[in-house]
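**Student:** Handing you a structure now.
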Amino acid sequence: MNTDTTDVDQVDKVARTNAIEGKWRKKWAEKKAFESDPEKNMEKYYLTAAFPYPNSPQHIGHARTYTTLDIHARYMRLKGYNVLLPMAFHVTGTPIIAMAQRIADKDEEVLKVFENIYGISRQTAATLTRPEDLVMHFSKEIEEGMREMGYSIDWRRKFYTFDKKFNRFIQWQFHKLKEHGLIVQGEHPIAWCPKDNQAVGAHDTKGDADPELKEFTAVKFAYGDGYILTATLRPETIYGVTNIWINPINIHVKAKSSKTNEVYYISKNAYEKMNYQNFDLEILEEFKGEKLISDKNKKAKNPITGEELPLYAAPYVKDDEGTGIVMSVPSHAPYDHIALLDMGIHLNYSQIIQVDGYKFMAKELIEKMGVKDQNDPKLDDIVSQTYKKEILTGVMLVGPYKGEKVSVAIEKTKKSILENNQALVFWELSNKPIYCRCGAHLTVNILGKQWFIDYENSTWKQNSHKCLDKMLIVPEKTRKEYDYAIDWFKQKACARSKGLGTPFPFEDGLVIEALSDSTIYMAFYTIAHLLKDFDEKEMTEEFFDYILLGKGKEKKEWKELRESFIYWYPLDARHSGADLVRNHLPFFIMNHVAIFPEKNWPKSIVTNGFVLMDGAKMSKSMGNILPLRKAIREYGADVIRFSVVCGADLSSDTDFNKSVADGVKSRLVIISDLIEKSRKNSKLGHTRPEKWLLSRLNRKIKGAEDRYQKLEIRQLALEIFYEVTTDLQWYLKRSEKPNLHDFFKKWVVAISPFMPHHAEEYWHLLGNKEFVSFEKFPKTDESHISDALEHGEELIQKVHADVEKISALIGKKPSVIKIFIASEWKREFYKLAKKHQKFDELMRAAAAEKMPMADVQRVGKQIMKNIHSLPDALSEKEEFEALNDAVGFLGKEFSCNIEVIHEDKADHPKAKAALPDKPAIVLE
RNA sequence: GCAGGGGUUACCGAGUGGUCAAAGGUGCCAGGUUCAGGGCCUGGUCGGUUAGUCCGUUCGAGAGUUCGAAUCUCUUCCCCUGCACCA
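Residue numbering for the first sequence is 26 to 949, as defined by the numbering used here.
This is the structure:
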């Protein structure tokens, strides 16, 4: 049992921290400190972060974005802005429903995660079987966590994306998009579960496998009264086809498509797949592959070359791959080559693709690696080597694309044969087999008449680039990714048949998809708290047209809403994790551009990296997720704020670990103690150490403004927190009677965005009655900044370190330390040396100045190697004053007498060794 | 494959032409602290050398530009992230 006092102290400190944080949280709430309304005489600043998805509690990783956001908000408040920071909850889509269902099903996996990682008992879990209950439980949990973190949020504006009133707003958005011709309908391939009859994403599959779709080209070889279909990813090799491969054992069908009115020969498996892809096939005949092979008279006709090709048997052809029939290109496909050899056929085929180092790469590699037959596992390796090299470096030798790169020829051939009706598009899952959670085998479905947002629209893209160009992007280096994403966007399916959210306005039974209802919701915050007296039925097209666009006739009950929107919009800063750069954030830009006039386009985006836990990614399976509220209980909110935000550059991942948090905590304790002690000495004057400290502080505050604006949070923390505590520690050694009142008066305000709770407490201890949160950011006092003072202090630190080194080297403690200050002429000589960097020139210049040439020679030789990096030394007088001021300090440090002597007035031989910025030191 | 980011001394991580053997943190070593342990403080932590110094080698690999390169150019190897209809 451990019952000693130190642990009790620890507990006391945590309890004290919690008490301080709780106290200020309460005061902010009582005074409604962060509820923001339009103020005519104040400039506004409006920022938001991506709202959370409440299907689990938040963890310290989530806290990074919100803490960065809150620091930003609090800084802008100190700069005198009327700041709005709202928050809401995104509940759209299927994951919440899926989670609730899994809880209802008593899914062991989920319950274990709840119990072990989130600390949610099975009894509690049992009450979360309905999506709404789940949402309410976790959103409350998340909101509490945000309050505990001290985020300066205006909670009056909170909403959920399944709220009726919000739905009206989103429907208005979609009507606007449609008016602008940006909602279109078309076909769309999608991973599909045949059993559930529903589209399937990564979280719906076993093992969370992400289904990948690949577009194959099914080439049509005329055969009898129909076509043999062979699916390929390499349509450009059609010029080298020698035969058709058919697996004799597999079941094949002859089927007629009522879509194309054509008859196809394909595997039975392919028939099922093609029917999901809208070919409407009807089986005319069903048979084994050998039937096709045995009919020696019937040939398949190559649609491009017109060659008549034989049908051969190949056991390696799989019936669930593509159409179950493949075209044979032995000059480039290793399997085809070896299969022909296995049949004893030696063909004199021609080369159609040029690659360096090979004529027939497939054949040559097979011979080189000694592959015996088509069952050799080495074949797969050869296939990937050949394909990679041909696609990357190959050049076409035949056909209309002769001389073009293979990668280009693939696309052009495909386009051409599709247009000429010589091939069909055939979709396939490229990473199959994938299974739905229900157990069924996934397939590809082509949905007809799907609804899309037409992000492909080129005018829209152009305007979005224009908006982006004017935006501030932090960090700037991510800008390219936005440009890339905007260019790359294609049409995006925007309606689903299942999920929470907003009913799709143009077709019954559909719901607006999750990434499409969260693009301009920042506009909704500006009025969300003013809608209590409105029925959602009043929230018509005209309603939103007037409030958000200023169109149409004003009604007097709409006035306040309109004014609120005008006051707060546009959005000044959008914060988010870096993972949203390629989806949500470009959508956010594009939708603003589509719907709002240019003056309401967003101003800036700030993105941040993730939080790692002890160097590893946080994940449910690793069980290393630290829930935020647990972390707050353990370390306190201000410590967590520092820990998640200060460890790395904004854009890179940061690591959370105990020692970092402990480090922050101990520094907080040091500062708390200091404030306690030093606030009483405010009547004392300023001696050299205080002046030094204030010089350092003012210089930092000067730099801090710029860093705050650019959100260089790590650098800020380093400078105004870590370095400041280091400075304070030095100061305490130097100072006889600490007097930090003036220092803290400025510093507490400057640091308050980082540690608002402690800052409020300190501010109060310093005798202030108002919230520090609404103070003015401290002004730099240039008159306090002194290079000479800081340089002098550095000199003292250097001398201190040198004495320690010498003392250690000679192995004794001195009884007297003599410090010799270099003469003024040496400083003049340094200035000369900066102008004349060649030795002889320097000597001549020194001679002209009538310097003592014997000494000049010696010093000159010494400094030649560092001629490019000579220090800007203080004057002799300044050096003397600095060191003389530290006589007491150094004497105390080394327990001996200290003498500071001008070189000229000394008779010690070592005195001559003194250099500017480097006094000679003698220990006796 | 395409696009973006990155490889720094035991680890994490600063560092964009000289002031860099390279900040800071962690770990480790030594010493201190009315110090059980932990904590805290001081110093050390590439090799050699020295009254506070100087010399050699180092920043994925190779080549180049320069009086001078972790930093600029080229080549090459490796790692991470994204490529959607899913929040």
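Virtual Cβ for every residue (Gly too), placed ideally from N, Cα, C.
Are the beta-carbon atoms of residue 246 and residue 326 separated by less than 7 angstroms?
**Tutor:** Yes, these two residues count as a Cβ contact at 7 angstroms.
**Student:** Out of 155, 86, 103, 560, which has the shortest C-alpha to C-alpha gap to residue 119?
**Tutor:** Nearest C-alpha to residue 119: 155.
**Student:** With DSSP run on the structure shown, which of helix, strand or coil describes residue 476?
**Tutor:** Of the three classes helix, strand and coil, the one that applies to residue 476 here is strand, per DSSP.
**Student:** What's the gap between the Cα of residue 807 and the Cα of residue 734?
**Tutor:** If I take the Cα positions, the gap works out to 20 angstroms.
**Student:** Which residue from 403, 337, 391, 427 puts its Cα closest to that of residue 379?
**Tutor:** With distances taken between Cα atoms, residue 379 lies closest to 427.
**Student:** Assess, as a yes-or-no matter, whether the stretch 834 to 842 is touched by the stretch 878 to 889 under the definition of 3 or more beta carbon pairs within less than 8 angstroms.
**Tutor:** No, the stretch 878 to 889 is not in contact with the stretch 834 to 842.
**Student:** Could you give the residue range of the beta strand (DSSP E) that holds residue 66?
**Tutor:** Element bounds for residue 66: n/a, residue is neither H nor E.
**Student:** In whole angstroms, what is the alpha-carbon distance linking residue 258 and residue 318?
**Tutor:** Residue 258 and residue 318: Cα-Cα distance of roughly 24 angstroms.
**Student:** Just verifying my parser: in three-state terms, what is the DSSP assignment at residue 297?
**Tutor:** In the structure shown, residue 297 sits in a helix (DSSP, three-state: H, G or I).
**Student:** So, are the CB atoms of residue 688 and residue 679 less than 7 angstroms apart?
**Tutor:** Not in contact: residue 688 and residue 679 (Cβ atoms no closer than 7 angstroms).
**Student:** Of all the alpha helix (DSSP H) runs that stay within the bounds of the stretch 111 to 157, which reach a length of 4 or more residues?
**Tutor:** Listed in chain order, the complete alpha helix (DSSP H) runs (minimum 4 residues) inside the stretch 111 to 157 are 120 to 129, 133 to 138, 147 to 151.
**Student:** Under the rule that 16 or more other beta-carbon atoms within 10 Å means buried, what is residue 370, buried or exposed?
**Tutor:** Exposed.
**Student:** Specify, as a first and last residue, the run of the alpha helix (DSSP H) that residue 98 falls within.
**Tutor:** Note, residue 98: alpha helix (DSSP H), 85 to 103.
**Student:** Does the Cβ-Cβ distance between residue 903 and residue 784 come in under 7 angstroms?
**Tutor:** No. Outside cutoff.
**Student:** Pair every Cβ in the stretch 653 to 672 with every Cβ in the stretch 98 to 107, then say whether three or more of these pairs are closer than 8 angstroms.
**Tutor:** No: the two stretches stay apart, fewer than three of their Cβ pairs being nearer than 8 angstroms.
**Student:** Quick check: the stretch 531 to 545 against the stretch 631 to 644, are there 3 or more CB pairs under 8 angstroms?
**Tutor:** Touching, no, given that fewer than three Cβ pairs across the two stretches are closer than 8 angstroms.
**Student:** Find the nearest neighbour of residue 815 within the set 942, 139, 802, judged by alpha-carbon distance.
**Tutor:** Answer by Cα proximity: 942.
**Student:** Alpha carbon to alpha carbon, what distance is there between residue 112 and residue 186?
**Tutor:** Cα to Cα, residue 186 sits roughly 12 angstroms from residue 112.
**Student:** Taking residue 926 as part of the beta strand (DSSP E), name the residues at either end of that continuous run.
**Tutor:** Where residue 926 is concerned, the enclosing beta strand (DSSP E) stretches over 922 to 927.
**Student:** Three-state secondary structure (DSSP) at residue 334?
**Tutor:** Looking at residue 334 - three-state DSSP - the assignment turns out to be strand.
**Student:** Roughly how many whole angstroms lie between the Cα atoms of residue 147 and residue 136?
**Tutor:** Those two C-alpha atoms are separated by around 7 angstroms.
**Student:** Should residue 363 and residue 399 be called a contact, given that it needs their Cβ atoms to be closer than 7 angstroms?
**Tutor:** Closer than 7 angstroms, so yes.
**Student:** What residues in its chain sit with their C-beta under 8 angstroms from that of residue 555, if we drop five residues either side in the sequence?
**Tutor:** For residue 555, where only same-chain residues beyond five positions count, the Cβ hits under 8 angstroms are 585, 586, 589.
**Student:** Please work out which residues of its chain come closer than 8 angstroms, Cβ to Cβ, to residue 57, disregarding the five sequence neighbours upstream and downstream, and give them in chain order.
**Tutor:** Around residue 57: no qualifying Cβ.
**Student:** Round the Cβ separation of residue 209 and residue 621 to the nearest angstrom and send it over; I've been treating them as touching at under 8 angstroms.
**Tutor:** Residue 209 to residue 621, Cβ: 21 angstroms. No contact.
**Student:** Got a sec, what are the start and stop residues for the beta strand (DSSP E) residue 251 sits in?
**Tutor:** That run of the beta strand (DSSP E) goes 251 to 257.
**Student:** DSSP three-state label for residue 952, please.
**Tutor:** Residue 952 lies beyond the stretch modelled for the chain, which goes from 26 to 949, so this question has no answer here.
**Student:** In whole angstroms, give me the CA-to-CA distance for residue 771 and residue 45.
**Tutor:** Cα to Cα, the separation comes out at about 21 angstroms.
**Student:** Taking all protein chains shown into account, do 16 or more other C-beta atoms lie within 10 angstroms of the C-beta of residue 519, making it buried, or fewer, making it exposed?
**Tutor:** The residue is buried, with at least 16 neighbouring Cβ atoms inside 10 Å.
**Student:** What whole-angstrom Cβ distance do residue 496 and residue 663 have, given they're in contact under 8 angstroms?
**Tutor:** 32 angstroms between Cβ atoms; not a contact.
**Student:** As a quick exercise: from 321, 778, 439, pick the residue whose alpha carbon is nearest that of residue 101.
**Tutor:** Ranking 321, 778, 439 by Cα distance to residue 101 puts 778 first.
**Student:** Express the C-alpha separation of residue 928 and residue 848 in angstroms, rounding to a whole number.
**Tutor:** Going by the C-alpha atoms only, they are around 6 angstroms apart.
**Student:** Using 10 angstroms around the beta-carbon of residue 484, count the other beta-carbons present and answer buried if the total reaches 16, otherwise exposed.
**Tutor:** Residue 484 should be labelled exposed.
**Student:** Output needed for residue 821: all residues of its chain with C-beta closer than 7 angstroms, excluding positions within five of it in sequence on either side, in chain order.
**Tutor:** Taken in chain order, the residues that qualify are 907, 908, 911.
**Student:** Rounded to whole angstroms, what is the Cα-Cα separation between residue 473 and residue 192?
**Tutor:** Near 26 angstroms, if we compare the C-alpha coordinates of residue 192 and residue 473.
**Student:** Report all residues from its chain with a CB closer than 7 angstroms to the CB of residue 752; omit the five preceding and five following residues, and keep chain order.
**Tutor:** For residue 752, where only same-chain residues beyond five positions count, the Cβ hits under 7 angstroms are 718, 721.
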